[in-house]
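Residue numbers (the working numbering): 186 to 293. Working notes, beginning with the structure itself.
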Amino acid sequence: MKIHPLSKPLLLLIALACIGMLAVGLYLQLKLEMLPCPLCILQRYAFAAVGLIALLTVALPAPLVRIGAVLTSVAALCGAGIAIRHLWVKAHPSVSCGIDPLETSLNE
């Protein structure tokens, strides 16, 4: 089974995009003091998972690239689910993201 020649560069681009988005999020949090809600933090975890899996997949031999691409896609779909939930919470102000102990410790 032949792997598309653009698979690895595309996965590298995905990993770099995730790293960039995480860097912007940290800049907004640490420098501009825009504290994230729990769903924002979950989305960051999803971006980190997508970026890490994509980056590791670039280092895999060609036969395993397809598996890594599928895992990257699964992580991205999980992130999309979190984003949809986040949009739903924003659209319905009576619902809250909730505050948990993890949020308090991460925002200190």
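Note that the Cβ used here is the ideal one computed from N, Cα and C, for glycine as well. Note that the structure is a prediction, hence the values are computed from the model and not measured.
In this model, residue 237 and residue 197 are separated by some 10 Å (Cα to Cα).
The stretch 193-212 makes contact with the stretch 252-261: 3 or more CB pairs, one atom from each, lie closer than 8 Å. Here the stretch 225-244 makes contact with the stretch 204-214; the two share three or more CB pairs at distances below 8 Å. Taking 8 Å as the cut-off, the Cβ atoms of residue 264 and residue 235 count as close. 204 is the residue among 271, 204, 194 and 248 whose C-alpha sits nearest the C-alpha of residue 232. When the five nearest sequence neighbours on each side are left out, the beta carbons in the same chain lying within less than 7 Å of the beta carbon of residue 270 are those of 224, in order along the chain.
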